[in-house]
Amino acid sequence: MDFKKQKPIYQQIADTLCERIVGDEWKAEERIPSVRDIAVQLGVNPNTVMRSFDFLQQAEIIYNKRGVGYFVATDAKERIMALQRKEFMEEELPAFKQRLNVLGLTFDDLKQYE
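So the sequence shown is residues 3 to 116, counted in our numbering.
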């Protein structure tokens, strides 16, 4: 996995795991691979993956069954979409609007690309 400097690695891993859930690779109530397995797959420290799991657990996207492993929450897709919308509105859209202003473009100018 190629990591970008703009975002913490644990967050990039969490994003990748969310993509797997949204893409139906992992379905609701299904057990997901262990922290160690994902660390090996991605070539990162298990502590970094654990931080991603902690983040996703706090967002109620995954949950832990003690002694069994981590599972996808029933409403994980909806929670992921809400989280991604919030991130887009708070981080990406302001930067995009600023870029439009710098280039002297309006949203109407973008309509030709629909």
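Every residue, glycine too, gets a C-beta built ideally from N, C-alpha and C.
- Task: Check each candidate in M83, D77 and R81 and name the one with the smallest Cα separation from A30.
- Result: For the purposes of this step, residue 30 is taken as residue 28 along the sequence shown, with counting starting at 1. Ranking the options by Cα distance to A30, first place goes to D77.
- Query: Can you give the Cα-Cα distance for G69 and Q13, rounded to whole angstroms?
  - Reply: Taking the sequence shown and counting its residues from 1, one reaches residue 69 at position 67. Taking the sequence shown and counting its residues from 1, one reaches residue 13 at position 11. Distance between the alpha carbons of G69 and Q13 is about 25 Å.
- In three-state terms, what does DSSP make of F73? For the purposes of this step, residue 73 is identified with residue 71 of the sequence shown, where counting begins at 1. Correct three-state label for F73: strand.
- Message: Taking its Cβ as the centre, do 16 or more other Cβ atoms sit within 10 Å of F90, making it buried, or is it exposed?
- Response: Numbered from 1 along the sequence shown, position 88 holds the residue referred to as residue 90. By the neighbour-count rule (16 or more Cβ atoms within 10 Å), F90 is not buried but exposed.
- Message: Going by DSSP, what residue range makes up the alpha helix (DSSP H) through N66?
- Response: Sequence index remark: in the sequence shown, residue 66 carries index 64 (1-based). Where N66 is concerned, there is no enclosing alpha helix (DSSP H), although the beta strand (DSSP E) around it starts and stops at I64 to K67.
- Item | Short Cβ contact (8 Å threshold) for I15 with V74 | The residue labelled residue 15 in the question sits at position 13 within the sequence shown. The residue labelled residue 74 in the question sits at position 72 within the sequence shown. No, the pair does not count as a contact, with Cβ atoms beyond the cut-off.
- Task: May I ask you to verify whether the region 95-111 touches the region 38-52, counting CB pairs closer than 8 Å and requiring at least 3?
- Result: Below 8 Å, too few C-beta pairs join the region 95-111 and the region 38-52 to call them touching: fewer than three.
- Task: Return the bridge partner residues of R33 from the DSSP annotation.
- Result: In the sequence shown, the residue the question calls residue 33 occupies position 31. Answer is F73.
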